[in-house]
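Below is one structure, written out as structure tokens, with a few remarks after it.
Number of protein chains: 2
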Amino acid sequence: VITFEEIQTLDAEDPLRAKRAEFCLPANTIYLDGNSLGPLPIKAKERISTVIDEQWGKDLIQSWNKNHWIDLPIITGDKIAPLIGAATGQVICCDSISINLFKLLASALTLNRERKVILSPADNFPTDLYMVQGLAKLVGNDRCHLKSAAPHQLLDMLDETVAGERYDIEKITQLAHTKGVLVIWDLAHSAGAFPLELDNHKVDFAVGCGYKYLNGGPGAPAFLYVAERHHSRIHQPLSGWMGHKSPFGFNPEYAAAPGIRKFLSGTPNILSLTALDAALDVFDGVDMRQVEAKSHALSSLFLELISQSKYLTPLECISPATCEARGSQLAFSHEDAYAISQALIDRQVVVDFRAPNIIRFGFTPLYLRYEDIWSAVNIFEKIIRQKLYQEPQYQIRNKVT
Amino acid sequence: VITFEEIQTLDAEDPLRAKRAEFCLPANTIYLDGNSLGPLPIKAKERISTVIDEQWGKDLIQSWNKNHWIDLPIITGDKIAPLIGAATGQVICCDSISINLFKLLASALTLNRERKVILSPADNFPTDLYMVQGLAKLVGNDRCHLKSAAPHQLLDMLDETVAGERYDIEKITQLAHTKGVLVIWDLAHSAGAFPLELDNHKVDFAVGCGYKYLNGGPGAPAFLYVAERHHSRIHQPLSGWMGHKSPFGFNPEYAAAPGIRKFLSGTPNILSLTALDAALDVFDGVDMRQVEAKSHALSSLFLELISQSKYLTPLECISPATCEARGSQLAFSHEDAYAISQALIDRQVVVDFRAPNIIRFGFTPLYLRYEDIWSAVNIFEKIIRQKLYQEPQYQIRNKVT
């Protein structure tokens, strides 16, 4: 049986313990939803004040040069690069994952002109599937179509008709390349959560999220990665003026900027990009292997504490049993998942409900303590033991959850 | 000859004079570049504090419901609607002009399947041309291609091969419709600058800018308008999860939301959208006809004061001579335009330089006074009269201007 003293020792010995102080966290709240929206870093709050009061408020239009707004998509991209194992000049921050994925899907089609199939795991995050469907509808099914399959079947389906694909990393990228298949990785739930080695694993393309593990704020700009070896041969169709080699030349013909900048479209969103750029400073001095190790330790502790409670043991954990396979989250299915998640949130344990019957607990090592896991399990147990989730106020669903 | 006393009377009698106090303006600066980046509204500054400290900082993920983040693209769109003469439910705020234009160009092609030509004025803002070029390259020239022509030739070129087109408003839309042509208007330099009547003029589609006359902050989200009669028949290809009819149903098949919401792609950018939403409150109680009238009065005064100076009279104004034709700006060409614009900016008259030889003065009525025009012309005259722009520090060009 684990004691609270042991928990305190874990916190005292945690090499990441000082990072928590770099965030504004709501009082008396255990935030287990950093995988949906990372909390506010103090540096982001400070930089937003500066960009509003000094840059927009006083320097105004001159900030594009004076305060480097024009280069911010590249500057922020280069800050993300080391977190995903990429050399500089291959990552740019702009738009949303959906839009960036469209750029990369279309790019992959132009690189592999004889290939028409986009292969995806059937349980991929839906926007990834939708963007392929939108592209296929636009260019015609004879030029692009989506095949999806259960994750375990994907490897068997990689063949010479497939243009692009998404799932696992080193192994799949390598296998895909042996069949001439290009791979696009969606890193929404991995960038900032554990170490990645895109360059070493010869990844072709990737997209990722600014507002989850990178803590860039609600709807923060996304990022995209394109391996340097593909830069010169690629055309992306959302070819706006900021991706032009001379945006202020006002030439009527599009001519792509060299390098990763050609993946820009419209004017970069400076307020949101500034928040993300500042948020990334939290990773200064952080070894991603420590983040991964603590994430595993937090979720393992959660499972161990659950197993010590006769009330919680019957709950069905649907995440993989090994740390390595499950990333930074644990999901439990329960017919009253919605009511339980509301009862947890009411007691300031913020979790994520996913329809129809899943409660998701996220373990984000930069600001969570081992004692938070201890407290969260205690509250969880009380809700189940006393059947608090059966109170009537938890039976009504909100429109969006 | 106009006297300073007359100028003061104009300010005292200005029905919009109280609006200036709703902006944070840098001290001792005459800002004639609101057509590039609108200044900071006090309400935007306040709302950004709230969204950072209270919504992101404390309510965190619950803000999507509690603080209406999920509906912000629609809420903000409906605030823009009356400024452009649109009933609610037809305007949505998201992404950039470039991205939104791509959605509309592709939509126009699906509505007019036998039409392949996108007609545009050759001097259109380049990103509009680039997005057509990108779309054409993606779907093939046999399905979409760009024709451009001098503005005065456009009307003659409207024929049965043309799918979409952009320029003037009531007359061109009407003429286009007689040939079965759909029209997309780029309102970047008109929304918030003068009255528009999109519904009355039976406009099909429009895009517009959040960071110019709407003062939404650097790189603010853009907006798009789709006439209600087209909603049900349109498919837009950037079909991300936020445009799905049930974004949190996680269905693997895309099914568009009804109405304007289907034009959303990825997660909306809440910080930037909040700034724009708050900035729009400046238009409360403003009659757009007053804005237009004052804009004309400001630019006419500028020209009249120029004509009173023997040093400034030789300058070549390349904007149309009548107020009605020129919108909210005056452009002057001069071989030393870059140096003159830098000399003006150094003396806190903020103007816009456009390569190779144009100085652009913008007249934005919500925060400019007639006395600002008086002072700007005095400083302009001094720079020309004393040839201050020939000083060496103005001869070096910045990378981006």
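So the protein sequences, as listed, match chains A and B. Our numbering puts the first residue of the first sequence at 1, with every later residue one more than the last. Our numbering puts the first residue of the second sequence at 1001, with every later residue one more than the last. Using N, Cα and C, we set each Cβ at its ideal position, and we do this for glycine too.
Contact set between residue i and chain B, taken where Cβ atoms lie within less than 7 Å
| i | result |
| --- | --- |
| residue 28 (chain A) | Within chain B, no residue comes near residue 28 (chain A); the closest Cβ sits about 11 Å away, beyond 7 Å. |
Residue range of the beta strand (DSSP E) that includes residue i
| i | result |
| --- | --- |
| residue 120 (chain A) | 117-121 |
| residue 1186 (chain B) | 1182-1186 |
| residue 1091 (chain B) | 1091-1093 |
| residue 1361 (chain B) | 1358-1362 |
Neighbouring residues, chain A, relative to residue i (Cβ below 7 Å)
| i | result |
| --- | --- |
| residue 1200 (chain B) | Neighbours of residue 1200 (chain B) on chain A: none; closest Cβ ~29 Å, over 7 Å. |
| residue 1231 (chain B) | What residue 1231 (chain B) touches in chain A: nothing, since even the nearest Cβ is about 17 Å away. |
| residue 1024 (chain B) | 57 |
| residue 1137 (chain B) | 235 and 237 |
| residue 1102 (chain B) | 238 |
| residue 1133 (chain B) | 239 and 254 |
| residue 1185 (chain B) | Those do not exist, as residue 1185 (chain B) stays about 17 Å from chain A at its closest Cβ, beyond 7 Å. |
Residues of its chain near residue i, where Cβ-Cβ distance is below 7 Å and the 5 sequence neighbours each way are ignored
| i | result |
| --- | --- |
| residue 218 (chain A) | 37 and 211 |
| residue 1104 (chain B) | 1184, 1205, 1207 and 1224 |
| residue 375 (chain A) | 30 |
| residue 1198 (chain B) | 1084, 1085, 1086, 1206 and 1225 |
| residue 1042 (chain B) | 1022, 1023 and 1024 |
| residue 122 (chain A) | 148, 149 and 150 |
| residue 131 (chain A) | 98, 101, 102 and 105 |
Nonlocal neighbours in the same chain, by C-beta distance under 8 Å from residue i, ignoring five residues either side
| i | result |
| --- | --- |
| residue 1165 (chain B) | With a pLDDT of only 41 at residue 1165 (chain B), under the threshold of 50, the placement of this residue in the model should not be trusted, and no figure is reported. |
| residue 68 (chain A) | 75 |
| residue 188 (chain A) | 97, 125, 207, 208, 209 and 212 |
| residue 28 (chain A) | 348 |
| residue 286 (chain A) | 16, 19 and 366 |
Proximal residues to residue i (C-beta, below 6 Å), its chain only, five neighbours per side dropped
| i | result |
| --- | --- |
| residue 1081 (chain B) | 1088 and 1091 |
| residue 272 (chain A) | 220 and 221 |
| residue 46 (chain A) | none |
| residue 1309 (chain B) | 1381 |
| residue 1394 (chain B) | 1339, 1342 and 1343 |
| residue 110 (chain A) | 235 |
Contact list for residue i against chain B, beta-carbon separation under 8 Å
| i | result |
| --- | --- |
| residue 84 (chain A) | Per Cβ cutoff of 8 Å: no residues; residue 84 (chain A) is ~19 Å from chain B at best. |
Buried or exposed by the 16-neighbour rule on C-beta atoms within 10 Å, applied to residue i
| i | result |
| --- | --- |
| residue 150 (chain A) | exposed |
| residue 1322 (chain B) | exposed |
| residue 1260 (chain B) | buried |
| residue 361 (chain A) | buried |
| residue 1400 (chain B) | With a pLDDT of 42 at residue 1400 (chain B), under the threshold of 50, the modelled position of that residue is not reliable, and the figure given next carries that caveat. By the 10 Å Cβ count, residue 1400 (chain B) comes out exposed. |
| residue 179 (chain A) | exposed |
| residue 258 (chain A) | exposed |
| residue 53 (chain A) | exposed |
| residue 2 (chain A) | exposed |
| residue 1313 (chain B) | exposed |
| residue 1325 (chain B) | exposed |
| residue 1405 (chain B) | Residue coverage of chain B in this structure runs from 1001 to 1401, which leaves residue 1405 (chain B) outside it and unanswerable. |
| residue 9 (chain A) | exposed |
| residue 1256 (chain B) | buried |
| residue 1249 (chain B) | exposed |
| residue 402 (chain A) | What the structure shows of chain A is the stretch from 1 to 401, and residue 402 (chain A) is not part of that stretch, so it cannot be assessed. |
| residue 1387 (chain B) | exposed |
| residue 15 (chain A) | exposed |
| residue 136 (chain A) | buried |
| residue 1253 (chain B) | exposed |
Boundaries of the alpha helix (DSSP H) in which residue i is found, first to last residue
| i | result |
| --- | --- |
| residue 1099 (chain B) | 1097-1111 |
| residue 1406 (chain B) | Chain B is shown from 1001 up to 1401; residue 1406 (chain B) falls before or after that span and cannot be answered. |
| residue 1274 (chain B) | 1270-1279 |
| residue 152 (chain A) | 151-157 |
| residue 201 (chain A) | Where residue 201 (chain A) is concerned, there is no enclosing alpha helix (DSSP H), given that its DSSP letter is neither H nor E. |
Contact list for residue i against chain A, beta-carbon separation under 9 Å
| i | result |
| --- | --- |
| residue 1249 (chain B) | 126 and 355 |
| residue 1365 (chain B) | Simply none; closest approach about 18 Å. |
| residue 1375 (chain B) | Those do not exist, as residue 1375 (chain B) stays about 17 Å from chain A at its closest Cβ, beyond 9 Å. |
Heavy atom of the ligand ZN within 6 Å of residue i beta-carbon
| i | result |
| --- | --- |
| residue 8 (chain A) | In the structure shown, the ligand ZN is absent, as is every other ligand, since no ligand is present at all. |
Proximal residues of chain B, C-beta to C-beta of residue i below 9 Å
| i | result |
| --- | --- |
| residue 37 (chain A) | 1056, 1060, 1061, 1063 and 1064 |
| residue 307 (chain A) | Ordered by position in chain B, no residue passes the 9 Å Cβ test against residue 307 (chain A), which lies about 28 Å from the chain. |
| residue 350 (chain A) | 1060, 1061 and 1062 |
Within chain A, partners of residue i - CB distance below 8 Å
| i | result |
| --- | --- |
| residue 1112 (chain B) | Residues of chain A passing the Cβ test: none, with the nearest at roughly 15 Å. |
Margin query: Going residue by residue through the region 121-148 of chain A, where are the continuous alpha helix (DSSP H) segments of at least 4 residues, counting only ones entirely within it?
Written below: 126-139
Note to self: So within the region 1286-1351 of chain B, which uninterrupted beta strand (DSSP E) runs reach at least 3 residues, ignoring any that extend past its ends?
What the structure shows: 1329-1333
Note to self: Please give the ranges of any alpha helix (DSSP H) in the region 1026-1088 of chain B, keeping only runs that are unbroken, at least 4 residues long and fully inside the region.
What the structure shows: 1042-1050, 1063-1066 and 1072-1080
Check: At what residue ranges does the region 1203-1245 of chain B contain a whole run of the beta strand (DSSP E), taking only runs of 3 or more?
Finding: 1205-1208 and 1223-1226
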